[in-house]
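In the working numbering, the protein residues as written are 28 to 109.
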């Protein structure tokens, strides 16, 4: 769970201040929170957490592939303008 200071800092950030890697690190922390909050008792809520965690991992994979990696590759493939 985010502590009060992290929550306050996050609220003060604008979208422009969060870089792509910072957003991915935030997603990693969210995923860790979800995994930590999951009851692991084979109940209905546990099943819902499992589905949410799986789908969130997919979102993270898409974000990394199409935003972070693509951004890095496009920067490498472009020659510097002189």
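Cβ atoms here follow ideal geometry from the backbone N, Cα and C, with glycine treated the same way.
Any non-hydrogen atom of the ligand HEM closer than 7 angstroms to residue i Cβ
| i | result |
| --- | --- |
| residue 95 | Among the components of this structure there are no ligands whatsoever, and the ligand HEM is therefore not found. |
Simplified DSSP assignment, three categories, for residue i
| i | result |
| --- | --- |
| residue 29 | coil |
| residue 70 | coil |
| residue 65 | coil |
| residue 46 | coil |
Residues near residue i in its chain [Cβ-Cβ closer than 6 angstroms; skip 5 each side]
| i | result |
| --- | --- |
| residue 31 | none |
| residue 53 | none |
| residue 87 | 54 |
Separation of residue j from residue i, as counted between CA atoms
| i | j | result |
| --- | --- | --- |
| residue 61 | residue 46 | 23 angstroms |
| residue 95 | residue 66 | 32 angstroms |
| residue 85 | residue 68 | 24 angstroms |
Chain-order list of residues whose beta-carbon lies under 8 angstroms from that of residue i (same chain, five-residue window excluded)
| i | result |
| --- | --- |
| residue 81 | none |
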